[in-house]
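Comments concern the structure below.
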Amino acid sequence: MKIATWNINGVKARLANLLVWLRDSAPDIVCLQEIKSVDEQFPRAEIEALGYHVETHGQKGFNGVAILSKLRFDEVIRGLPGDDSDEQARFIEGVFSTDKGVLRVVSLYLPNGNPIDTEKFPYKLAWMARLEKWATERLLLEEPLVLGGDYNVIPEPIDARNPDAWLGDALFQPESRQGLRRLVNLGFTDATRAVTDAADTYTFWDYQAGAWQKNNGIRIDFLMMSPEAANRLSSSTIEKHVRAWEKPSDHVPVVAELALAPAATDKAA
47 MKIATWNING VKARLANLLV WLRDSAPDIV CLQEIKSVDE QFPRAEIEAL GYHVETHGQK
107 GFNGVAILSK LRFDEVIRGL PGDDSDEQAR FIEGVFSTDK GVLRVVSLYL PNGNPIDTEK
167 FPYKLAWMAR LEKWATERLL LEEPLVLGGD YNVIPEPIDA RNPDAWLGDA LFQPESRQGL
227 RRLVNLGFTD ATRAVTDAAD TYTFWDYQAG AWQKNNGIRI DFLMMSPEAA NRLSSSTIEK
287 HVRAWEKPSD HVPVVAELAL APAATDKAA
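Per our numbering, residue 47 is the first one in the sequence shown, and the count goes up by one each step.
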C-alpha cells in the first residue's frame, strides 16, 4: 500500500499538477495540506473520477487538510482535540480496513510559528503538545498509524542546506525540534530517515532567490509511523521531480510503501 503526504499549497492553483501526479504515482492514500479551500469548494469531482474517496477539513483562504483514498473510509475525525477555541483547520484522521486490520492515517499541518516573538510561536508549541497527547493515546490501540504532514520543523542541521540561515526561524528553534523529538520518543519512526541518512534530502524549496535551482532546501514534510506501521515499511521516497513542474507547490510529495493491502471488501468494490 502506497501512502503519501504533500503540502499542495492551494489545491485549486495546483489541481492540474495534482491530477497528473495521482495518475503517475498512483498512491493508495494521500494526505494533503494547505488546501486553502472550504469543504464545499474543494474540487472533489475531478479527484473522485480517478477512483479516490475524498474527505476534507477546509478553511477559507489558508490552512486546510484533506485525505484522498482508494480505500473507503470507515471513520473520519476532524480537528485535533485539546483546545475547543482553536478554529484553524489543521488535522483530519481517517480509519480504513486492511487485510491486517485497522489502519489509521492522519493529515496534519503543524503551525509555522513565525514570527517567534508573537503569539504564533506559543500557539505552535501548544499545538505540538496537543498532538503529543493525542498520539500517546492513539498508540495504546497498537494499530498501524501514519501521521503524514507538513510539520514545519527542521529536525537536525543535516535537514537544511544552510542551517545557519534558519537559526532565528520558528522551524529550527530548540523548542520546536524538542517537540518533534518527543513525538519520535513515543515510538514513531520517520519513514524517510528509516531508509536514508543522506544529506541534501529535502522536501521544500522556497519560491524566492532561486532556492530550487540552487538546491537550497529543507526537510519539513514527514510520514511518521507507529511501530505497527513501521514494521510494515518496505520503502520510502521523496518525489522531488514534482518541484520542477510548471506552477509547482514549494513542497514535494513524500511517499512510503507499507506491506498492507485493502480489505477484501474494498478489493471487490
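Think of the CB as a built atom: it goes at the ideal place given N, C-alpha and C, for glycine as much as any other residue.
(message) Going by C-alpha to C-alpha distance, which of I75, G195 and R124 sits closest to L149?
(response) I75
(request) Closer than 6 Å by C-beta to V151: which residues in its own chain qualify, once you throw out the five before and the five after it? Chain order, please. (result) I75, G140 and V192
(request) Go ahead and pull the three-state DSSP assignment for D267. (result) strand
(message) Can you give me the C-alpha to C-alpha distance between E303 and R136, rounded to a whole angstrom?
(response) 24 Å
(request) Would you kindly work out how many angstroms separate the C-alpha atoms of H103 and W212, rounded to a whole number? (result) 30 Å
(message) With H, G and I counted as helix, E and B as strand and the rest as coil, what does DSSP make of V300?
(response) strand
(message) Just to check my reading of the structure: V25 and F88 have Cβ atoms closer than 8 Å, yes? What is that Cβ distance to the nearest angstrom?
(response) As shown, the chain starts at 47 and ends at 315. That puts residue 25 outside it, with no answer to give.
(message) Below 8 Å on the Cβ atoms is my contact criterion, and I expect S282 with V241 to pass it. Report the Cβ-Cβ distance as a whole number of Å.
(response) 5 Å
(message) Quick check: the Cα distance between D189 and L306, rounded to an integer number of angstroms?
(response) Sequence check: residue 189 is Glu here, not Asp. Approximately 12 Å, taken between the alpha carbons.
(message) Tell me which residue opens and which closes the alpha helix (DSSP H) that V230 is part of.
(response) P220 to N231
(request) Classify S71 as helix, strand or coil using the three-state DSSP reduction. (result) If DSSP states are grouped into helix, strand and coil, S71 belongs with the helices.
(message) Give me, in chain order, the residues of the same chain whose beta-carbon lies closer than 8 Å to that of A314; leave out the 5 immediate sequence neighbours on both sides.
(response) Unreliable positioning characterises A314 in this predicted model, as indicated by a pLDDT of 40, which lies under 50. The coordinate reading is nonetheless provided below. For A314, where only same-chain residues beyond five positions count, there are no Cβ hits under 8 Å.
(request) For S131, count neighbouring C-beta atoms within 10 Å of its own C-beta (all shown protein chains included) and say buried if the count is 16 or more, exposed if not. (result) exposed
(message) Suppose only complete runs of 3+ residues qualify. What are the beta strand (DSSP E) ranges in the region 234-284, listed by chain order?
(response) 267-271 and 279-284
(message) Rounded to whole angstroms, what is the Cα-Cα separation between F258 and E165?
(response) Residue identity differs from the one stated: residue 258 is Trp in this sequence, not Phe. Going by the C-alpha atoms only, they are around 31 Å apart.
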